[in-house]
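Student: No gaps in the numbering here: position 139 of the sequence shown is 138 in numbering that gives the first Met the number 0, and each next residue is one more.
Heads up, the beta-carbon is just placed ideally off N, CA and C, and yes, glycines get one too.
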Amino acid sequence: MGRKPTLRDVSVASGLSTYTVSRALSDGDGVSAASREAVLKAAREVGYVPNAAAQQLRKNTRSSVAVITASTSNHYYLELMRGIDRTLRRSGRTTVVADIAAEGRYTTALEDATVQHLIQSRAAGVISTLTLRGSNLDLLHDWDIPVVFVDAAPPEEAGLVPSITTDNRSASQAVGDHLAEHGYGQWLLLAYPSRWSTRVPREAGLRETARRHGAELTVVESENDVDSAVRALEAHLDRSGPAPRALVAGNNPLLQGALRVLRSRGLRVPDDVAVIAFDEFPWAPLLDPPLTVLDEHSETIGELAAQTLTRLIDAQIEAERAGRPVTPAYLPDDRREVAFDLVVRKSCGC
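#1: Please identify the residue among 47, 79 and 14 whose C-alpha is closest to the C-alpha of residue 300.
#2: Look at the alpha carbon of residue 46 and the alpha carbon of residue 114, and state the distance between them as a whole number of angstroms.
#3: Sorted by chain position, which residues of the same chain lie with C-beta nearer than 8 Å to residue 202's C-beta, five sequence neighbours on each side aside?
#4: So what does DSSP say about residue 233, is it helix, strand or coil?
#5: Provide the residue span of the alpha helix (DSSP H) that contains residue 220, from first to last.
#6: With distances taken between CB atoms, is the gap from residue 344 to residue 291 smaller than 7 Å?
#7: Using the beta-carbon count (16 or more within 10 Å), is residue 304 buried or exposed?
#8: Give me the Cβ distance between residue 69 and residue 128, rounded to the nearest whole Å; I'm assuming they're in contact under 8 Å.
#9: Let me check understanding here. Comparing Cα to Cα, which of 302, 137 and 278 lies closest to residue 294?
#10: Short check: CB of residue 161 to CB of residue 147, under 7 Å?
#11: Below 8 Å on the Cβ atoms is my contact criterion, and I expect residue 17 with residue 6 to pass it. Report the Cβ-Cβ distance as a whole number of Å.
#12: The alpha helix (DSSP H) spanning residue 300 covers which residue range?
#13: If you draw a straight line from the alpha carbon of residue 62 to that of residue 312, how long is it in whole angstroms?
#14: What span of residues does the alpha helix (DSSP H) with residue 169 cover, start to end?
#15: What are the residues that DSSP puts in a beta bridge with residue 185?
#16: For residue 40 and residue 84, I'd like the C-alpha separation in whole angstroms.
#17: Taking 8 Å as the cut-off, does the region 308-324 touch the region 258-271 (at least 3 CB pairs, one atom from each stretch)?
#18: So, are the CB atoms of residue 42 and residue 122 less than 7 Å apart?
#19: Are the beta-carbon atoms of residue 110 and residue 99 separated by less than 7 Å?
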């Protein structure tokens, strides 16, 4: 669409008068439940945001940035937020957090509602840790709200939309190479669903390394929360019999679930099952045994994402003052990969 949708577009799409549409969108009286639902559905379809919000958006001081997370139970986000907050404070901006996968359970309805709310609340920009649906990315673009993805790939059709990630394929290969150094022949990857886009390169890297070293890799998928990880791993072990010689946990919540299962079954780490996990956290060296982790440097990723978004927002402010279009000016260099470290402790058998 070459222009922003209007109240008239919603009226046409819903088949209702502009008066009824206006009353329905402002939650006014005199509108039936059926008509209100028809208006809201039409507004979503044409990408309309109420005029009051649009007027506020044009007056926006561009001071509040939204960070969309996907389960704040993951310690990765705490380090990420530290880097984002510290960087944004330097430009006088604040951060709000919106979790679209509370306790690891994602829904498209929550994503849609969150994006609508961010537009209506005049967010200056968005940092997203989950690949947003194309329709929502288009909607943010229509309202000139810049987006930076962290630890997530933009949709394929997203053009130059920025992303700051780890080289996840190489990171998984480093994990696999280390398991192979110990001579382990059976590996298990406890993985979150592929809607978290890092799943694909992490699994691919581990599979490639397993083939190269002649190891057998089993992938067990779980929803992205502790209890689901327990259920998924328990069910797999009940079916498969002996535990794998090495287990790779995709993130902190899945690690917690895996350790619960191993302890409940009397399996010792690393004597019975070696363990390596993605993402460093402060008490990893305090566990017994200390945990070997793949450190993605999430605080650095947060800093880079916030720096990128700050540049985009500042450029919009200058364009607005000069009377030029304020469409975000993304650059090829806005897509970056951050180095990782394999932090070797004792849970892997070292």
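Tutor: So, from the listed chains and residues:
#1: Nearest of 47, 79 and 14 to residue 300, Cα basis: 79.
#2: Computed Cα separation, rounded: 11 Å.
#3: 171, 188, 190 and 218
#4: helix
#5: Segment 215-220 is the beta strand (DSSP E) holding residue 220; no alpha helix (DSSP H) there.
#6: yes
#7: buried
#8: 5 Å
#9: From the listed residues 302, 137 and 278, the smallest Cα separation to residue 294 is found for 278.
#10: yes
#11: Right, the Cβ-Cβ distance comes to about 5 Å (below 8 Å), so this counts as a contact.
#12: 297-320
#13: 9 Å
#14: 167-180
#15: 215
#16: Straight-line Cα distance between these residues: approximately 36 Å.
#17: no
#18: no
#19: Residue 110 places its beta carbon less than 7 Å from that of residue 99.
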